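Colleague: Chains as they are written, first to last, in our numbering: chain P, 1 to 112; chain Z, 1 to 115. No residue lacks a Cβ here, since even glycine has one placed at the ideal position from N, Cα and C. Since this is a predicted model, take the numbers as computed values, not measurements. Just dropping this structure here.
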């Protein structure tokens, strides 16, 4: 079974500051990797994904993530936080069997 | 865009009731999933289905069953609702081709309260 660890259940950043959300996974095979965002009382929306190819992946709303196989990590970053980035973020992993395992989530708050 | 529609946003049911949560997707996806979401626990897989009339248990199937009579519809059934099943329930679907797999498309969720 896959294990996904998101470091920090809550992250608080100032508007305009860097957003960094950490995700590490355990996998015996090269996985598919995803970040999802959830706004209050909504379902999850795909931010970005890594399947194959370039290890630096760009997603929507200015987010990007880098797959580092040697570190089994897929950290999410955004250079400059906006108030609209306040949400819960989930890292997810699939070992190519189309079944995703999710981390516990990280709630981001943005201070004005 | 793929749409995944969950029939109810909010439900309140009594302990012992049989509860049906309905999910419909409109893009001919083979795979469908039911998760529950609880604070601090992330999303936990209840059941999934790779094809019509096919179902497999996820990580927490106890107290639940599912039905997939048509490709577009995947129903989650709480046979006898209990208060510990109060949660947000999320349905998702995905394509099964490895060349086109882009993760899941989620519905908006059903927040179920069992009293």
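1) Establish whether the CB of residue 49 (chain P) and some CB of chain Z are separated by less than 8 Å.
2) Less than 8 Å separating the beta-carbons of residue 88 (chain P) and residue 75 (chain P)?
3) Please confirm whether residue 114 (chain P) has its beta-carbon closer than 8 Å to some beta-carbon of chain Z.
4) In chain order, what residues of the same chain have a beta carbon less than 7 Å from the beta carbon of residue 67 (chain Z), not counting five sequence neighbours either side?
5) Does DSSP put residue 85 (chain P) in a helix, a strand or coil?
6) With 9 Å as the limit, tell me which residues of the stretch 36 to 48 of chain Z have their beta carbon closer than that to any beta carbon of chain P; keep them in chain order.
7) Are the C-beta of residue 54 (chain P) and some C-beta of chain Z separated by less than 8 Å?
8) Per DSSP, what kind of secondary structure is residue 113 (chain Z) in: helix, strand or coil?
9) Quick one: residues in its chain with C-beta nearer than 8 Å to the C-beta of residue 72 (chain P), no 5 flanking neighbours on either side, listed in chain order?
10) Go ahead and pull the three-state DSSP assignment for residue 41 (chain P).
11) Going by other Cβ atoms of all chains shown within 10 Å of its Cβ, with 16 needed for buried, is residue 79 (chain P) buried or exposed?
12) With a threshold of 8 Å between beta-carbons, can residue 90 (chain P) be considered close to chain Z, or not?
13) With a threshold of 8 Å between beta-carbons, can residue 104 (chain P) be considered close to chain Z, or not?
14) Have a look at the DSSP bridge pairing and note the partners of residue 10 (chain P).
15) Closer than 7 Å, Cβ to Cβ, to anything on chain P: give me those residues from the stretch 90 to 115 of chain Z, in chain order.
16) Does DSSP put residue 60 (chain P) in a helix, in a strand, or in coil?
17) For residue 38 (chain Z) versus residue 108 (chain Z), is the C-beta distance shorter than 8 Å?
18) From the DSSP output, read off the bridge partner residues of residue 66 (chain P).
19) Thinking C-alpha only, which one of Z:71, Z:70, Z:72 and Z:47 is nearest residue 60 (chain Z)?
20) Let's test the definition: count the other Cβ atoms within 10 Å of the Cβ of residue 95 (chain Z) and tell me whether it reaches 16, buried, or not, exposed.
21) Name, please, each residue of chain P whose Cβ falls closer than 7 Å to the Cβ of residue 31 (chain Z).
Modeller: With the given structure in hand:
1) It does; some Cβ of chain Z falls within 8 Å.
2) Result no, Cβ atoms of residue 88 (chain P) and residue 75 (chain P) do not sit closer than 8 Å.
3) Coverage of chain P is limited to positions 1 through 112, which leaves residue 114 (chain P) absent and any answer about it impossible.
4) If we look at residue 67 (chain Z) and ignore the five residues flanking it on each side, its Cβ neighbours are 75 and 77.
5) Helix.
6) Listed in sequence order: 37, 39, 40, 41, 42, 43, 44, 45 and 48.
7) It does not: the Cβ of residue 54 (chain P) has no partner Cβ on chain Z nearer than 8 Å.
8) Of the three classes helix, strand and coil, the one that applies to residue 113 (chain Z) here is strand, per DSSP.
9) Here the set comprises 24, 25, 26 and 27.
10) Note: residue 41 (chain P) maps to coil in three-state DSSP.
11) Around the CB of residue 79 (chain P), fewer than 16 other CB atoms lie within 10 Å, so the residue is classed as exposed.
12) Output row for residue 90 (chain P): interface = yes.
13) So yes, residue 104 (chain P) belongs to the interface.
14) DSSP, once it has assigned bridges, lists P:107 as partnering residue 10 (chain P).
15) Answer in chain order: 90, 94, 96, 98, 101, 102, 103, 104, 106, 107, 108 and 109.
16) In the structure shown, residue 60 (chain P) adopts helical secondary structure according to DSSP, grouped into three states.
17) With a cutoff of 8 Å on beta-carbon distance, residue 38 (chain Z) and residue 108 (chain Z) are scored as not near each other.
18) Residue 66 (chain P) is bridged by DSSP to P:56 and P:75.
19) When each option's Cα is compared against that of residue 60 (chain Z), the closest is Z:47.
20) Buried.
21) The answer, in chain order, is 98.
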